[in-house]
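Engineer:
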Amino acid sequence: MKRIFTTIMAGAAALVGMVSCSQYDDSALRDSLAGLTDRIDAIDSALTGVQGEVANIQELVAKAEANVTVSSLEKEDSKYTLVFSDGDTVVLTDGANGDKGDKGDKGEAGENGDAGKDGMGITIRTHKELGVLCWAWENGDFLTDENNEPMPVSSTPSLDVDDATGCWVVNGVVTDMPAVGGDRHFFYQVNVYYSYTTDPPTPNIVNIVFGRDEYSGSTVSFDVVPAETSGTEYDFMFLKDTEGEEELTELTLRYGHRYAVRYRLSAPQTSDVTVSFVKPDGWKVEYTPDNQNTEGELYITAPAQENPIAEAEGTISAVITAGSSTYVSAISVKATVDAPEGEPAGPVYTFSLKGEDGSAIVSSSSAPLTFAASEPKILTYEAYLPVGAEITFAKPEGWTLTSDNAKQTVTITAPATADGATLEGGVTVTATFNSVTILDAEVIAYVKADLQVVLAPQPGDFYYADGTWSPVLSETVENPAIGVVFWVGTHTDGKLLKDYPALAQGSNHGLVVAFRNVLATTFRSERDVINLPTVSYENSLLANEGNEVGSVLQKGAYGYANTCLLRETNDSKLTILTALDSYAETYACPAPENTSDWFIPSAVEFNYLLTGEALSLGSPTDSWGTAFANFILSGSATNGAAVYDAIDEKCDVSSDEWYGATYNFNGIWLSHIDSNYPNAAWYISGSINGPYSLGVYQYAEKRAVRPILAF
């Protein structure tokens with residue numbers, strides 16, 4: 001608008017300067033200036049009108065969300081006057097059927113101007129992700145603010161007038177909605193529906209439509225309830241303090257903080273009354289009525305300052321409904337960075353742990369929360385704390401506790417042994433905000449470790465540097481997870497049991513696979529024949545018995561014995577052993593005490609990894625082709641998939657690719673060589689869910705090494 005005024009007034013000033021020294025008929029100029037003034041006045045009036053229209057839209061949406069009813073409505077031409085049950089009045093103009101203006105005289109044809117851009121109208125649509133009504137264009141796109149975030153209806157877009165077209169400019173975009181004249185409004189249509197059960201028919205629903213095309217179907221609707229039946233006996237009052245009777249009408253809170261506010265509900269029959277709340281975006285109201293009680297406390301939480309759609313201030317409305325009656329009570333709220341003057345007695349912060357059924361943890365010395373040795377328990381939590389609060393836990397010595405804020409879980413793990421550990425005690429939580437302690441509370445009164453009970457390992461459990469395991473990842477810097485259990489059972493490798501007799505004693509024995517591969521290594525740096533020593537291990541096999549492929553597969557899981565046999569060759573060109581030995585040092589994963597060293601798996605052990613079962617082929621003299629065919633798995637690699645999921649939790653394998661990848665089980669050297677192929681060794685390939693197959697590759701080809709260990 002300023003551009004129009006400045007341009008024409010400057011031209012007028014120039015004309016005045018030109019004629020000031022001579023006679024000149026200025027009647028045309030005076031008429032032009034008068035017309036300009038009329039135009040500016042018309043645009044100013046239109047701007048005031050459209051600002052009122054935007055305010056009406058915002059008020060209508062708020063009332064619709066609050067379930068406010070219409071007490072009466074009147075129509076005069078295309079204008080509707082709605083009187084609501086809360087006493088407010090809103091006047092709407094039906095944009096679809098505006099009055100036509102008088103027809104003007106036909107003017108002279110002017111010069112052709114530049115082609116203008118197609119305009120479009122503004123409307124309202126529900127944003128599916130945010131779950132609120134937002135300003136939108138009629139092509140389906142949402143209006144955005146300076147941060148490129150969608151604009152809720154509660155916010156106000158910028159408005160201007162385009163000089164060339166005389167149409168509204170909304171957030172810098174020219175619309176096809178004339179600022180003066182025309183029938184394009186932010187409202188498209190007002191519809192009134194009647195009930196024909198009365199004579200004459202009476203209105204029972206008012207429906208307001210925004211926009212005029214397929215993208216603009218958002219509407220707000222109101223039930224029409226005559227004033228004489230509207231709820232005037234009901235009231236919901238926010239109170240200033242815990243004992244007084246004075247009503248609280250304004251409340252200023254710090255961003256992210258939660259406060260208790262006393263309320264009183266007045267209603268003749270509380271059992272038939274429901275109370276709901278309409279809030280500014282980002283605010284939270286917690287209201288839990290207690291049976292027939294009409295007084296109590298509710299909690300109001302201000303939004304996080306970082307929330308892009310949060311409103312710093314607005315109105316919280318309590319909407320009371322009982323049958324067809326509605327009453328609305330409101331309180332103005334505002335969020336600030338600093339503690340406001342007259343702040344409520346104090347924010348209310350809580351942190352509580354829940355059991356698997358969602359109920360609060362109840363624990364005492366007579367009924368403690370009991371753990372087996374090294375047992376982890378995953379507990380969910382419910383917290384009311386400001387955004388950015390730092391949480392720390394105090395627990396008995398030797399226990400571990402980790403929290404996952406994204407999943408809202410806490411994992412508590414009991415100690416494995418009594419050495420340096422306190423086997424029973426309580427768990428407390430402390431929260432600080434801006435270096436101030438805002439919560440210090442007990443969350444579990446009593447936890448107890450029963451070290452006589454040890455959880456049996458299961459495939460998919462995490463295995464730790466101290467030789468313990470757990471079904472959930474609860475590692476610490478001092479005790480990191482080093483692999484995943486993939487098989488549990490009785491070891492049969494004679495060499496393994498001779499070197500580690502503890503693996504034959506007691507129970508809870510099995511095999512662990514390392515988290516990752518050692519990539520791109522050869523089996524042997526040259527293709528020469530490997531000269532195996534003439535040695536046999538008790539209840540084991542010679543690695544050069546490969547001329548009977550079936551026997552190699554059927555005799556059992558002898559990866560450890562095979563690895564030892566390769567070591568006894570003293571062949572410096574066996575790069576597969578160099579890669580194996582580098583694993584523990586490179587990835588800080590030495591084998592724990594009472595376990596074997598890392599070794600190269602055999603085909604049978606890899607079958608345990610993939611399927612959880614032993615491999616059976618039938619005849620010990622099966623040919624290579626039969627061996628390959630019987631090893632291929634179709635959709636039965638469920639054990640391997642479970643192990644891979646555990647690896648994913650620790651390592652995030654989202655970037656893993658099949659060939660030559662870091663974490664998967666594809667292209668892995670096995671500990672078998674074969675006399676039928678004197679320059680080649682076995683390997684395995686396949687995708688996580690199967691199928692897998694065996695193959696042979698020449699020594700100098702590059703494959704990966706996947707270490708395993710026995711416990």
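Reading the sequence shown from the start, the letters are residues 1 to 711 in full-length UniProt numbering. For glycine and all other residues, C-beta sits at the position ideal for the given N, C-alpha and C.
Indicate whether at least one CB of chain D lies closer than 8 Å to the CB of G172.
Structural biologist: Considering every chain present, this structure includes no chain D. It has just one protein chain.
Engineer: Tell me the residue span of the alpha helix (DSSP H) that contains C651.
Structural biologist: Position 651 of the sequence shown holds residue 651. Taken as a continuous stretch (DSSP letters only), the alpha helix (DSSP H) holding C651 covers T638 to C651.
Engineer: Could you tell me the alpha carbon to alpha carbon distance between Q189 and F210, rounded to whole angstroms?
Structural biologist: Here residue 189 is taken as the residue at index 189 of the sequence shown, counted from 1. Here residue 210 is taken as the residue at index 210 of the sequence shown, counted from 1. Distance between the alpha carbons of Q189 and F210: 7 Å.
Engineer: If we count the other Cβ atoms within 10 Å of its Cβ and call it buried at 16 or more, is V174 buried or exposed?
Structural biologist: As a first step, residue 174 is located in the sequence shown; it is residue number 174 there, counting from the start. Label assigned to V174: buried.
Engineer: If we call anything under 8 Å between Cβ atoms a contact, is A414 one with S366?
Structural biologist: One-based indexing of the sequence shown puts residue 414 at position 414. One-based indexing of the sequence shown puts residue 366 at position 366. No, the pair does not count as a contact, with Cβ atoms beyond the cut-off.
Engineer: How big is the Cα-Cα spacing for A680 and V705?
Structural biologist: The count along the sequence shown starts at 1 and reaches residue 680 at position 680. The count along the sequence shown starts at 1 and reaches residue 705 at position 705. Cα to Cα, A680 sits roughly 15 Å from V705.
Engineer: With a CB to CB cut of under 6 Å and the five nearest residues on each side skipped, what residues in its chain are close to A389?
Structural biologist: Walking along the sequence shown from the start, residue 389 turns up at place 389. Here the set comprises A431 and F433.
Engineer: Do L451 and G476 count as a contact pair if the criterion is CB distance below 8 Å?
Structural biologist: The residue labelled residue 476 in the question sits at position 476 within the sequence shown. The residue labelled residue 451 in the question sits at position 451 within the sequence shown. The amino acid at residue 476 is misidentified as Gly; the sequence shows Thr. No, these two residues do not count as a Cβ contact at 8 Å.
Engineer: Leaving aside the five residues before and after V319 along the sequence, list all residues of the same chain whose C-beta is less than 8 Å from its C-beta, in chain order.
Structural biologist: Your numbering for residue 319 matches position 319 in the sequence shown. Closer than 8 Å at the Cβ level, and outside the excluded window around V319, lie A66, N67, V68, V275, S276, F277, V278, T326, Y327 and V328.
Engineer: Residues bridged to L353 by DSSP?
Structural biologist: Numbered from its first residue, the sequence shown carries residue 353 at position 353. DSSP output for L353 lists Y381 as bridge partner(s).
Engineer: Report, in whole angstroms, the separation of the C-beta atoms of A406 and A322, which I expect to be a contact under 8 Å.
Structural biologist: Looking up residue 406 in the sequence shown gives position 406. Looking up residue 322 in the sequence shown gives position 322. Going by Cβ atoms, the distance from A406 to A322 rounds to 41 Å, so no, they are not a contact pair.
Engineer: Please state the DSSP three-state secondary structure of K279.
Structural biologist: For the purposes of this step, residue 279 is taken as the residue at position 279 of the sequence shown. Looking at K279 - three-state DSSP - the assignment turns out to be coil, as it is neither helix nor strand.
Engineer: Can you grab the Cα-Cα spacing for the pair G467 / Y663, in whole Å?
Structural biologist: Within the sequence shown, residue 467 is the residue found at index 467, counting from 1. Within the sequence shown, residue 663 is the residue found at index 663, counting from 1. Roughly 22 Å between the two C-alpha positions.
Engineer: Tell me whether the beta-carbon of V429 lies closer than 8 Å to the beta-carbon of F371.
Structural biologist: Position 429 of the sequence shown holds residue 429. Position 371 of the sequence shown holds residue 371. No. Outside cutoff.
Engineer: Between the alpha carbons of S685 and G695, how many angstroms are there, rounded?
Structural biologist: If you number the sequence shown from 1, residue 685 lands on position 685. If you number the sequence shown from 1, residue 695 lands on position 695. If you take the alpha carbons of S685 and G695, they lie about 8 Å apart.
Engineer: Which residue marks the beginning of the beta strand (DSSP E) containing F665, and which one marks its end?
Structural biologist: As a first step, residue 665 must be located in the sequence shown, where it is residue number 665. Unbroken run through F665: none, as it is neither H nor E.
Engineer: Thinking C-beta only, is W469 closer than 8 Å to G453?
Structural biologist: Position 453 of the sequence shown, counting from 1, holds the residue named residue 453. Position 469 of the sequence shown, counting from 1, holds the residue named residue 469. Per the sequence shown, the amino acid found at residue 453 is Val instead of Gly. No. Outside cutoff.
Engineer: For the alpha helix (DSSP H) containing F606, name the first residue and the last one.
Structural biologist: Residue mapping note: residue 606 aligns to position 606 of the sequence shown, counting from 1. A603 to T611 is the extent of the alpha helix (DSSP H) around F606.
Engineer: Give me the Cα-Cα distance between Q305 and E149, rounded to the nearest whole angstrom.
Structural biologist: By one-based count along the sequence shown, residue 305 stands at place 305. By one-based count along the sequence shown, residue 149 stands at place 149. Their Cα atoms are separated by approximately 15 Å.
Engineer: Beta-carbon separation of L73 and L60 under 8 Å?
Structural biologist: Residue numbering aside, residue 73 sits at position 73 when the sequence shown is read from its first letter. Residue numbering aside, residue 60 sits at position 60 when the sequence shown is read from its first letter. It is not a contact, given that the beta carbons lie outside the stated cut-off.
Engineer: Just the Cα atoms here: how many angstroms apart are N147 and G282?
Structural biologist: The residue labelled residue 147 in the question sits at position 147 within the sequence shown. The residue labelled residue 282 in the question sits at position 282 within the sequence shown. Approximately 17 Å, taken between the alpha carbons.
Engineer: Nearest to I361 by CA position, among F599, G510, T93 and Y446, is which residue?
Structural biologist: Taking the first residue of the sequence shown as position 1, residue 361 is located at position 361. That would be Y446, whose Cα lies nearest to the Cα of I361.
Engineer: Assign V436 to buried or exposed, taking buried as 16 or more other Cβ atoms, counted over all protein chains shown, within 10 Å of its Cβ.
Structural biologist: Sequence index remark: in the sequence shown, residue 436 carries index 436 (1-based). With fewer than 16 Cβ atoms within 10 Å of its Cβ, V436 is classed as exposed.
Engineer: Taking the alpha helix (DSSP H) that K498 belongs to, which residues open and close that run?
Structural biologist: To locate residue 498, count along the sequence shown from 1; it is residue 498. Unbroken alpha helix (DSSP H) run through K498: G494 to D499.
Engineer: Using CA atoms only, rank isn't needed, just tell me which of V192, D199, K495 and N639 is closest to S221.
Structural biologist: In the sequence shown, residue 221 corresponds to position 221, counting from 1. With distances taken between Cα atoms, S221 lies closest to V192.
Engineer: Does the Cβ of S363 have 16 or more other Cβ atoms within 10 Å, making it buried, or fewer, making it exposed?
Structural biologist: As a position in the sequence shown, residue 363 is number 363, starting the count at 1. By the 10 Å Cβ count, S363 comes out buried.
Engineer: Taking the C-alpha atoms as reference points, what is the distance between N607 and E613?
Structural biologist: Working through the sequence shown from its first residue, we reach residue 607 at position 607. Working through the sequence shown from its first residue, we reach residue 613 at position 613. So the alpha carbons of these two residues sit roughly 7 Å apart.
Engineer: Taking only three categories from DSSP, how would you classify Y560?
Structural biologist: Here the question's residue 560 lines up with position 560 in the sequence shown. Residue state, collapsed to three classes: helix.
Engineer: Using a Cβ-Cβ cut-off of 7 Å (strictly less than) and excluding sequence neighbours within five positions of G510, which residues of its own chain qualify?
Structural biologist: For this step, residue 510 is matched to residue 510 along the sequence shown. So the list reads P457, V485, W487, V488, G489 and F711, once near-sequence residues are dropped.
Engineer: How many Å lie between T354 and E442 at the Cα?
Structural biologist: Locating residue 354 in the sequence shown gives position 354, counting from the first residue. Locating residue 442 in the sequence shown gives position 442, counting from the first residue. It is Lys, not Thr, that sits at residue 354 in the sequence shown. Taking the straight line from one Cα to the other gives about 13 Å.
Engineer: Candidates Y255, L239 and P501: which alpha carbon is nearest R262's?
Structural biologist: Taking the first residue of the sequence shown as 1, we reach residue 262 at position 262. For R262, the nearest C-alpha among the options comes from L239.
Engineer: Kindly indicate the opening and closing residues of the alpha helix (DSSP H) around I205.
Structural biologist: Taking the sequence shown and counting its residues from 1, the one referred to as residue 205 is at position 205. I205 -> not in any alpha helix (DSSP H); beta strand (DSSP E) instead, spanning T202 to F210.
Engineer: For R567, name the three-state secondary structure that DSSP assigns.
Structural biologist: Stepping through the sequence shown from its first residue, residue 567 is reached at position 567. Three-state DSSP puts R567 in a helix.
Engineer: Suppose the cutoff is 8 Å on Cβ atoms and the five residues either side in sequence are ignored; what does the same chain contact list for T569 look like?
Structural biologist: In the sequence shown, the residue the question calls residue 569 occupies position 569. I530, N531, L532 and P533, listed in sequence order.
Engineer: Using the three-state DSSP reduction, which class does E129 fall into: helix, strand or coil?
Structural biologist: Locating residue 129 in the sequence shown gives position 129, where the first residue counts as 1. Coil.
Engineer: Looking only at C-alpha atoms, which of N207, V180, I208 and V224 sits nearest to P201?
Structural biologist: Numbered from its first residue, the sequence shown carries residue 201 at position 201. Of the candidates N207, V180, I208 and V224, the one whose C-alpha sits nearest the C-alpha of P201 is V224.
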